[in-house]
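Undergrad: Residue numbers (my numbering): 296 to 374.
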């Protein structure tokens, strides 16, 4: 759930509501909430939109996504 935690933290740092972020990204507010809660991950088209809305480089948001994937894979491989 690395992606969701970082998304929530950055959204709050930017004083954006979930609704404001969703509008900037062209997705529903519930989708933002699901991502923040770790129940969804963004598709490749939304990552640059999230980065732009949060005034971050796309690479940063992409790295959150990759960290999240690594964490989930490692968790699944644990005995």
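Glycine included, every Cβ here is placed at the ideal spot set by N, Cα and C.
Please list, in chain order, all residues of the same chain as residue 309 whose beta carbon is under 6 Å from its beta carbon, the five residues on each side excluded.
TA: Taken in chain order, the residues that qualify are 349.
Undergrad: Excluding five sequence neighbours on each side, which residues of the same chain lie with their C-beta closer than 6 Å to the C-beta of residue 370?
TA: Cβ within range, chain order: n/a, list empty.
Undergrad: Can you name the start and end residues of the alpha helix (DSSP H) that residue 299 belongs to?
TA: Unbroken alpha helix (DSSP H) run through residue 299: 297-308.
Undergrad: For residue 298, which residues of its own chain have a beta-carbon under 8 Å away from its beta-carbon, when the five flanking residues on both sides are left out?
TA: Hits under 8 Å: 330, 333, 336, 337, 359, 360, 362, 363.
Undergrad: Taking all protein chains shown into account, do 16 or more other C-beta atoms lie within 10 angstroms of the C-beta of residue 306, making it buried, or fewer, making it exposed?
TA: By the 10 Å Cβ count, residue 306 comes out buried.
Undergrad: I'd like to check one pair, residue 314 with residue 324: are the Cβ atoms closer than 7 Å?
TA: Taking 7 Å as the Cβ cut-off, residue 324 and residue 314 qualify as a contacting pair.
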